[in-house]
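Here the structure comes first, spelled out in structure tokens, and everything after it is commentary.
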Amino acid sequence: MPAVSALPSDRPRVLSGVQPTGSLHLGNWLGAIRNWVDLQTSHDTYFCVVDLHAITVPHDPGRLAEDTLSTAALYLACGIDPERSTVFVQSHVSAHSELCWLLNCVTPLNWLERMIQFKEKALRQGADVSAGLLDYPVLMAADILLYDADRVPVGEDQKQHLELARDIAQQRINARFGSKDAEGELIPILKVPEPLILREGARVMSLSDGRSKMSKSDPNEGSRINLLDPPELISRKIKRAKTDPQMGLEFGNAERPEADNLLGLYALLAGRSREAVAAECAAMGWGAFKPLLAEAAVAALSPLQERYRDLRSDPLYLQSVLRQGRDRASEVAAATLARVRQSLGFLAIP
Ligand code: TRP
Numbered sequence: 005m006p007a008v009s010a011l012p013s014d015r016p017r018v019l020s021g022v023q024p025t026g027s028l029h030l031g032n033w034l035g036a037i038r039n040w041v042d043l044q045t046s047h048d049t050y051f052c053v054v055d056l057h058a059i060t061v062p063h064d065p066g067r068l069a070e071d072t073l074s075t076a077a078l079y080l081a082c083g084i085d086p087e088r089s090t091v092f093v094q095s096h097v098s099a100h101s102e103l104c105w106l107l108n109c110v111t112p113l114n115w116l117e118r119m120i121q122f123k124e125k126a127l128r129q130g131a132d133v134s135a136g137l138l139d140y141p142v143l144m145a146a147d148i149l150l151y152d153a154d155r156v157p158v159g160e161d162q163k164q165h166l167e168l169a170r171d172i173a174q175q176r177i178n179a180r181f182g183s184k185d186a187e188g189e190l191i192p193i194l195k196v197p198e199p200l201i202l203r204e205g206a207r208v209m210s211l212s213d214g215r216s217k218m219s220k221s222d223p224n225e226g227s228r229i230n231l232l233d234p235p236e237l238i239s240r241k242i243k244r245a246k247t248d249p250q251m252g253l254e255f256g257n258a259e260r261p262e263a264d265n266l267l268g269l270y271a272l273l274a275g276r277s278r279e280a281v282a283a284e285c286a287a288m289g290w291g292a293f294k295p296l297l298a299e300a301a302v303a304a305l306s307p308l309q310e311r312y313r314d315l316r317s318d319p320l321y322l323q324s325v326l327r328q329g330r331d332r333a334s335e336v337a338a339a340t341l342a343r344v345r346q347s348l349g350f351l352a353i354p
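Numbering-wise (the numbering used here), the sequence shown opens with residue 5 and increments by one.
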């Protein structure tokens, strides 16, 4: 095991994470993780598997560890490089839970009650909604704020949560508990993160409804392509994907969200420009297009699946990556937590 090495930190820092619930799908890859891979060259990158978030809804304890490990392996299979990025499991760094508690005590309840995702998830869940589900965005704020992240890559659905993290840092911690320097300038305790808006065209929609996002929580398996789906299953899902009665694929027709989505997917998976695929498929029927799309999906995913299998065949390597990630992350997180504890006035003993 190499010693914990310090990563160069003059670059802006980025933190992001995905929950280890179910398998990662094309939306997670094309919409998020693929961008993380690129960020590694320009940013100081932290990527965690947010297992504490995964238990905010009822979960299967028999699957949590395996799902956490497979999610981490998929990060690496997608091109996250543990030599350049800190890859870790959220629950392995207890500072996340601890900072979450401290932030809980300064976060107004009504800020949480108005979170759109909470309202939607609570509605879906009916009677048995946990306090953890309401608290989900505060835990996410802790994830981000612990690492002094400059930027957080988020999709549309997480913008409100990032806004909340900013408000907690700025209004509830820095403004209330920060001290002033000689000129009367506020010395911030927590860094206020900026959103990092992801590149255009990376929003992948469901295969069964071009108007809703591809999602792990959709009960219809056919609505998404998982990164580990075997080729036959990928073809079958694409064959059954929703279409419309019109000939020819096109972008930007609001009446044809499925055409827009699948053509966009084709461009991303084949690594070609939107103009090129729009020209190629302008006069093509769905029957000719779908096998092309399936072929592009299988070709794009098979090297990733092979890397995944290699990684899973070497559990000691994966463990060493997560151990190194935990150690690096803990060091940064402990420093932030100490700052917050001190500014909130907790007793410290040597
Ligand atoms: N809530 C995020 C999602 O569902 C996952 C997440 C948890 C996250 N903590 C984070 C994302 C911190 C970015 C930064 O997508």
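By construction, the Cβ of each residue, glycine as well, lies at the ideal position given by its N, Cα and C atoms. Given the structure is predicted, the values throughout are model-derived calculations rather than measurements.
Distance, residue j Cα to residue i Cα
i: Ala337; j: Ile242; result: 43 Å
i: Leu19; j: Asp171; result: 18 Å
i: Ser27; j: Asp185; result: 49 Å
i: Ala7; j: Ser324; result: Low confidence applies here, because Ala7 scores a pLDDT of 46, under 50, leaving its location unreliable and the question unanswered by this model.
i: Ser317; j: Glu310; result: 11 Å
i: Asp233; j: Gly268; result: 20 Å
i: Pro3; j: Asn178; result: The question about residue 3 has no answer here: the residues shown for the chain are numbered 5 through 354.
i: Leu143; j: Val61; result: 14 Å
i: Gln94; j: Ser183; result: 30 Å
i: Asp85; j: Ala333; result: 15 Å
i: Ala88; j: Tyr321; result: The displayed chain sequence assigns Arg, not Ala, to residue 88. Whole-angstrom Cα-Cα distance: 16 Å.
i: Asp154; j: Leu43; result: 13 Å
i: Pro295; j: Ser239; result: 7 Å
i: Asp248; j: Glu236; result: 23 Å
i: Pro319; j: Gln23; result: 20 Å
i: Val110; j: Arg180; result: 10 Å
i: Ser297; j: Ala76; result: It is worth fixing the name first, because residue 297 is Leu in this sequence and not Ser. The alpha-carbon atoms of Leu297 and Ala76 are separated by roughly 27 Å.
Residue i CB to nearest heavy atom of ligand 1 below 7 Å
i: Ile84; result: no
i: Ile148; result: yes
i: Gln44; result: no
i: Gly21; result: yes
i: Met288; result: no
Residue i versus the options, residue with shortest Cα-Cα distance
i: Glu299; options: Leu266, Leu137 and Gly329; result: Leu266
i: His165; options: Val133, Trp115 and Leu150; result: Trp115
i: Gln121; options: Leu106, Gln162, Val158 and Leu113; result: Gln162
i: Val196; options: Thr60, Pro223, Ala286 and Leu168; result: Leu168
i: Ala292; options: Ser212, Ser210, Gly252 and Asp314; result: Gly252
i: Ala69; options: Leu103, Ala81 and Val54; result: Val54
i: Ala263; options: Leu273, Glu284 and Trp290; result: Trp290
Beta-bridge partners of residue i, as assigned by DSSP
i: Thr49; result: Val18 and Ser89
i: Ser183; result: Ile191
i: His29; result: Asn230
Residue i at chain B interface by Cβ criterion, 8 Å
i: Ser95; result: Going by chain labels, chain B is absent from the structure shown, which holds only one protein chain.
- Task: Would you mind listing the beta strand (DSSP E) stretches within the segment 196 to 274 that are 3+ residues and don't spill past its ends, in chain order?
- Result: 198 to 201
- Message: I'd like the ranges of any beta strand (DSSP E) spanning at least 3 consecutive residues and lying wholly in the segment 120 to 167.
- Response: For the segment 120 to 167, the full-length beta strand (DSSP E) segments reaching 3 residues or more read 155 to 158 along the chain.
- Considering only residues of the segment 269 to 324, which uninterrupted alpha helix (DSSP H) runs meet the minimum length of 4 residues and lie entirely inside it, listed in chain order? 278 to 285 and 290 to 316
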